[in-house]
Amino acid sequence: MYLVMGITGKVGGATARHLLKQSKEVRALVRDRERAAKWADQGVELVEGDWNDSTAIAAALKGVEGAFVMLPAVWAPSPDYREAKGVIANYVEALTKAVPRGW
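Residue numbering for the sequence shown follows this note's numbering, beginning at 1 and increasing consecutively.
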């Protein structure tokens with residue numbers, strides 16, 4: 001099982017398509033289940049949540065062999081980049097809760 005972040009975008013979607021073509025199981029953390037419905041139809045397991053929820057990220061990471069993490073762009077960052085730092089902190093917290101299998 002592989003986790004793909006940003007599956008509804010170009011890069012995340014391309015990553016998921018590649019994994020599915022390789023007969024890999026794919027899970028995706030999604031904010032909008034309806035927007036990602038076409039992926040569920042292709043066998044992708046959808047976990048609802050977002051970048052700011054370390055508990056949802058940890059749940060999505062549970063039991064995976066690997067993860068493709070695409071951090072969101074911050075178009076108008078504050079001078080100290082607190083938004084980006086917050087997202088990174090959420091991932092660090094989530095990874096300490098759910099280390100991918102075999103690590």
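For every residue, glycine included, the Cβ atom is placed at its ideal position computed from N, Cα and C.
DSSP three-state assignment for residue i, whether helix, strand or coil
i, result
"Glu83", "helix"
"Ser12", "Contrary to the premise, residue 12 reads as Gly rather than Ser in this sequence. Three-state result, Gly12: helix."
"Arg17", "helix"
"Ala94", "helix"
Option in the options with minimal Cα separation from residue i
i, options, result
"Thr55", "Ser23, Ala40 and Leu29", "Leu29"
"Glu65", "Gly13, Arg27, Gly6 and Thr8", "Arg27"
"Trp51", "Ala60, Lys21 and Gln22", "Ala60"
"Glu25", "Ile88, Arg35, Ala16 and Asp53", "Ala16"
"Gly9", "Pro79, Gly43 and Arg31", "Arg31"
"Val69", "Ser23, Ala94, Ala36 and Lys21", "Ala94"
Residue(s) in a DSSP beta bridge with residue i
i, result
"Leu3", "Arg27 and Ala67"
Range of the contiguous beta strand (DSSP E) that encloses residue i
i, result
"Val44", "No beta strand (DSSP E) holds Val44; DSSP gives it neither H nor E."
Proximity of residue i and residue j at Cβ, strictly below 8 Å
i, j, result
"Ala58", "Lys97", "yes"
Where the alpha helix (DSSP H) through residue i begins and ends
i, result
"Ser54", "Ser54 to Leu61"
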